[in-house]
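Novice:
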Amino acid sequence: METEIRFYYSIDSKESIIKYLKSFKELKYNGRFYEITDQYNHPMKEFNFYDKKIDGRFRVRKTVGDDISKCMITWKRRLNNKKELIHNEEEIEVNIKAEEYDNLCLLLNNVLHLEKIESYERYRSVFSNEDVEIVVDEYPFGVCIEIENKSKSKNAEDVINEWINILKFDINKAYKLSWDDKYAELCKLQNKKIESIVRFDKDMPQVKETFNI
């Protein structure tokens, strides 16, 4: 089970956000990483991951940093709490060696015949302690701050609310859905084509709200 909350800001807010989070001695800065993520769908319609009855995401993610490279297969599914700003999600993760990424993609595409629905790239900066992980995700269309419970002993929502208060965030500005929902919403508002492959070198819509605390 994963409990988290997300906030979106403009790309030019990134440096202010990183500086702000580094000012909290309770948080350890774990570095900045490049990630590329592919999202797949089941080939059989009755198991469509994107159907509202399932509402899940099957993903392959490769992460590259100065000192580490890794690859992860994840299954993430929203639970019935879409109206809540703090959401609980089912999440299953499997780690493989980064050098096996290309072979994994070949198996998914050419053997299992999964359909690649979406792909996106981002840079992720990570802050953490024993209770919480706070990430700053730089997407081609904006910056997302995600606060996720990591405590093994405390109530998950209490941890999230505690850190919202510590950081002085306004919970009413949280975004309820995932990155692809935010991206599609921005495209419609700003009259941009919705791309299935989201990259920094493409014409992207932009989050307008700046980070200001």
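Residue numbers (the numbering used here): 66 to 278. All residues carry an ideal CB built from backbone N, CA and C; glycine is no exception.
(1) Using a Cβ-Cβ cutoff of less than 7 Å, which residues in the same chain neighbour Ser81 once the five nearest sequence positions on both sides are dropped?
(2) For Ile138, which of helix, strand or coil comes out of DSSP?
(3) Does the beta-carbon of Lys205 have 16 or more other beta-carbons within 10 angstroms, so that it is buried, or is it exposed?
(4) Report the CB separation of Glu186 from Met66 in whole angstroms; it is logged as a contact under 8 Å.
(5) May I have the straight-line CA-CA distance separating Lys87 from Lys233, to the nearest angstrom?
(6) What is the DSSP secondary structure of Val201, reduced to helix, strand or coil?
(7) Specify the secondary structure class of Asp77 as computed by DSSP and reduced to three states.
(8) In chain order, which beta strand (DSSP E) runs of at least 3 residues are fully inside the segment 103 to 180?
(9) Taking the C-alpha atoms as reference points, what is the distance between Glu183 and Lys79?
(10) Is the distance from the Cβ of Val197 to the Cβ of Asn214 below 8 Å?
(11) What does DSSP give as the partner residue(s) for Cys209 in the beta ladder?
(12) Can you round the beta-carbon distance between Asn106 and Asn113 to whole angstroms, since I take them to be within the 8 Å contact cut?
Specialist: In this structure, then:
(1) Phe276
(2) strand
(3) Strictly speaking, residue 205 in this sequence is Pro, with Lys absent from that position. Buried is the call here.
(4) Contact doesn't hold; Cβ gap of about 28 Å is too wide.
(5) 15 Å
(6) strand
(7) helix
(8) 121 to 129, 134 to 143, 152 to 161
(9) 24 Å
(10) yes
(11) Tyr73, Asp202
(12) 6 Å
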